[in-house]
């Protein structure tokens with residue numbers, strides 16, 4: 001069931017509100033108002049002279065605008081074609097169905113035909129917003145996914161499928177969709193970093209934080225940002241070091257912090273160096289007779305097939321959170 005159907009403010013054949021139409025199309029209400037102001041893509045009638053109510057003809061027009069804009073047509077030209085396409089449809093009537101076929105709700109094609117497959121409905125709305133570079137809507141949908149589902153589900157079932165779909169579209173279309181991937185990645189990162197990071201309980205903080213770092217030469221950080229956000233949800237102490245941390249800096253940070261665990265992320269196989277992992281695992285600290293060393297977790301596809309005796313190799317975000325929580329005696333949700 002679509003989000004706008006759950007809200008109960010859209011009835012087939014009836015005029016709908018701006019908020020209902022925005023949810024249906026995966027755009028922000030601000031975008032619809034901007035199109036109305038700039039290009040005349042808006043409702044023909046306003047209730048009481050103020051409140052927008054979109055008739056079926058108005059909906060057809062804005063759906064056409066979305067479809068053309070997401071396919072690369074300049075907004076002004078897309079608006080002209082959208083107005084023309086809705087020009088012959090009387091107010092208050094739905095678009096006619098082909099003869100001999102049942103009338104069905106008109107589906108929005110505004111996602112730019114991203115190869116999403118069988119995914120959550122949230123992915124489709126997020127993809128439509130990203131393709132249209134609708135930053136407010138992207139941010140709103142990502143925040144809503146985290147709030148409703150938590151980090152694990154939001155990451156695995158909303159963020160990752162949409163990121164992969166954009167990546168596939170970019171790979172098959174030259175550089176046409178690179179701006180979509182950059183915008184979506186930035187907003188995913190922003191959403192993950194906004195997850196509250198309350199102070200860890202004193203006993204857990206005393207045990208040392210989880211260090212998270214990309215290995216030297218590795219620039220992809222979104223996955224360990226998701227892990228960091230998940231640890232924040234569990235109120236476990238963390239220290240995030242981000243992309244491409246030099247080997248000397250990693251070992252120096254281990255000695256200074258005395259972490260309970262170190263997560264080394266490698267997206268590319270060329271960046272995953274078992275010698276570095278062993279060097280971090282063998283780093284010790286503390287007084288003589290009570291020296292400690294961290295659990296080392298090798299995360300990311302770059303470590304596949306690499307020898308890792310005595311080191312943790314999670315199968316996914318949930319597995320990584322469970323393993324790290326167990327180090328502190330905590331229980332992951």
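Numbering (UniProt numbering), first residue to last: 1 to 333. Cβ atoms here follow ideal geometry from the backbone N, Cα and C, with glycine treated the same way.
Do the CB positions of residue i and residue j come within less than 8 Å of each other?
| i | j | result |
| --- | --- | --- |
| residue 311 | residue 271 | no |
| residue 126 | residue 158 | yes |
| residue 218 | residue 266 | yes |
| residue 79 | residue 35 | yes |
| residue 257 | residue 208 | yes |
| residue 195 | residue 216 | no |
| residue 342 | residue 293 | Absent from the structure is residue 342, since the part of the chain shown begins at 1 and ends at 333. |
| residue 32 | residue 17 | no |
| residue 67 | residue 15 | no |
Within the continuous beta strand (DSSP E) that includes residue i, where are the two ends?
| i | result |
| --- | --- |
| residue 239 | 238–242 |
| residue 262 | 261–265 |
| residue 213 | 210–214 |
For residue i, I'd like the list of residues in its chain whose CB is within less than 6 Å of its CB, leaving aside the five on either flank, ordered along the chain.
| i | result |
| --- | --- |
| residue 324 | 210, 261 |
| residue 313 | 298 |
| residue 228 | 212, 238, 240 |
| residue 197 | 232 |
| residue 107 | Below a pLDDT of 50, predicted positions are generally treated as unreliable, and residue 107, at 37, falls in that range; the measurement from the model is reported next regardless. Correct list: empty, nothing qualifies. |
| residue 59 | none |
Residues in the same chain with beta-carbon distance under 7 Å from residue i, minus the five sequence neighbours each way, listed in chain order, please.
| i | result |
| --- | --- |
| residue 221 | 214, 242, 243 |
| residue 317 | 152, 155, 156, 226, 227, 230 |
| residue 250 | 213, 280 |
| residue 320 | 227, 297, 299, 314 |
| residue 65 | 35, 41, 78, 79, 82 |
Give every residue of the same chain whose Cβ lies closer than 8 Å to the Cβ of residue i, excluding the five residues on either side of it in the sequence, and list them in chain order.
| i | result |
| --- | --- |
| residue 28 | 22, 129, 134, 136, 137, 140 |
| residue 61 | 41, 82, 83, 85, 86 |
| residue 328 | 204, 207, 236, 260 |
| residue 143 | 191, 194 |
| residue 282 | 293 |
By the DSSP assignment, the alpha helix (DSSP H) with residue i in it spans what residues?
| i | result |
| --- | --- |
| residue 152 | 135–154 |
| residue 273 | Looking at the DSSP string, residue 273 is not in any alpha helix (DSSP H), and its letter there is neither H nor E. |
| residue 54 | No alpha helix (DSSP H) holds residue 54; DSSP gives it neither H nor E. |
| residue 29 | 29–39 |
| residue 191 | 178–193 |
| residue 254 | 247–257 |
| residue 16 | From DSSP, residue 16 is part of no alpha helix (DSSP H); its letter is neither H nor E. |
Q) Is there contact here, the stretch 176–183 with the stretch 296–316, by at least three beta-carbon pairs under 8 Å? A) no
Q: Could you pull out every unbroken beta strand (DSSP E) segment of at least 3 residues lying fully inside the stretch 278–329, listed in chain order?
A: 295–299
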